[in-house]
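Here's the structure we're looking at; comments come further down.
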Amino acid sequence: MSTLPANGSVRPITRWGADVMHRLNQPVTDFGGALQTLVADMVATMNAAEGVGLAANQVGVDLQVFVFDCPDKDGNRVQGVVCNPVIELPEGKDRRLDEGDEGCLSLPGAFTKCARPDFARVTGVDQHGEPVVFEGTGLLARCLQHETDHTQGTVFGDRLSRKYRKRLFAEAEDLAPDYPSDWPVSPMVEHEDHHEETPAT
Ligand SMILES: [Zn+2]
């Protein structure tokens, strides 16, 4: 059963290139009705896009908040809402890089390898202002890092070498006609060759 807020409305996903994706977002200070609506809509939008995480700027809102529903390395599904996230990553001998594939709902359909630490911990508060801590391995570690990056105005393309970034953009451009401008409000055009192994964030 989901612990995430339900009954939200699907909103169009904002793409890379929009200003709000590439600047430090505002901290959440008002935990009232507008935030509750936003968070429920973000969950609905993440689910419609079949993603495992979504940040507020991915629906065009300049606020440091993300939602996620993502498996860890052992297949345990972890869900949550984090406002004003702060990431902690292993250092020294505990720091091991995972070279797994990464994708972003704001650059839909394209994936590439992106090296990140294989464990992450995020602290912050939930949509009611209560302290939360989430930590994990595998795709969950990647997701927590990817979403916290979004709240800081960083996209994973910023973390790639020029060669990989170029390849990623070329793949995204090829797939762009499959994603209507208001996706996932309007569904994508289905093809058999779409990448389906790794969900995007
Ligand atoms: Zn993303």
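Quick note on the numbering used here: the sequence shown kicks off at 30 and runs consecutively.
Cβ coordinates follow ideal geometry from the N, Cα and C atoms, glycine included.
In this text, all values refer to a predicted model and were calculated from it rather than measured experimentally.
{"Query": "Cβ shell of R150 (< 6 Å), same chain only, five flanking positions each side left out", "Result": "E117, E164"}
{"Query": "Alpha helix (DSSP H) segment containing L53, residue limits", "Result": "First-last for L53: undefined, no H or E at that position."}
{"Query": "C-alpha distance - R194 paired with N54, whole-angstrom precision", "Result": "23 Å"}
{"Query": "Contact under 8 Å by Cβ, A170 with D147", "Result": "yes"}
{"Query": "Close Cβ partners of G121 (< 7 Å) along its chain, the five nearest in sequence each way excluded", "Result": "none"}
{"Query": "Inter-residue spacing [alpha-carbon to alpha-carbon] between V49 and F140", "Result": "22 Å"}
{"Query": "Residues bridged to I116 (per DSSP)", "Result": "V151"}
{"Query": "C133 Cβ short of 7 Å to ligand 1 heavy atom set", "Result": "yes"}
{"Query": "Residue of L189, A77, D155, H220 minimising C-alpha distance to P56", "Result": "D155"}
{"Query": "Range of the contiguous beta strand (DSSP E) that encloses A170", "Result": "From DSSP, A170 is part of no beta strand (DSSP E) but of the alpha helix (DSSP H) over 167-180."}
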